[in-house]
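Shown next, in structure tokens, is the structure this report addresses.
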Amino acid sequence: QVQLVESGGGLVQPGGSLRLSCAASGSISSIVIMGWYRQAPGKERELVATIIGPGITNYADSVKGRFTISRGNARDIVYLQMASLKPEDTAVYYCKTTTYDAMNFWGKGTLVTVSS
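Quick note, the working numbering runs 86 ahead of the 1-based positions in the sequence shown.
Okay, structure coming up:
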């Protein structure tokens, strides 16, 4: 079992920056993939970015060049650095992990609102 807690969401103006954090606890050594997903009002949840191991990353086209995913040295935390934020980035952002035995765990989410 892996427990995930997101933090760092909030209200930011268009063009601004925000950093989200996701702290993992439990069976941390079993984690293979960590990622961020988001769900905007009235829309389906979508992939934002994933990271495998220490540095193999993947991004949705809509955030490439603006968002950066990274993991802490202890590998029990994953960050999402968001820059040049747009109103369409407004969503609840969820952290997800996938373990060696293909189990998925989700956090409860943190709300990001991009508005002037």
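Just so it is clear, CB atoms sit at the ideal spot from N, CA and C, and this is done for glycine as well. Quick caveat: nothing in here was measured; it's all calculated off a predicted structure.
*asked:* According to DSSP, is S103 part of a helix, a strand, or is it coil?
replied: coil
*Would you call Y186 buried or exposed, if buried means 16 or more other Cβ atoms sit within 10 Å of its Cβ?*
exposed
*Would the beta-carbon of Y165 fall within 8 angstroms of that of F153?*
no
*asked:* Rounding to the nearest angstrom, what Cα-Cα distance links R161 and P127 in this structure?
replied: 31 angstroms
*Express the C-alpha separation of V91 and G193 in angstroms, rounding to a whole number.*
6 angstroms
*Should I155 go down as buried or exposed, given a rule of 16 or more other Cβ atoms within 10 Å for buried?*
buried
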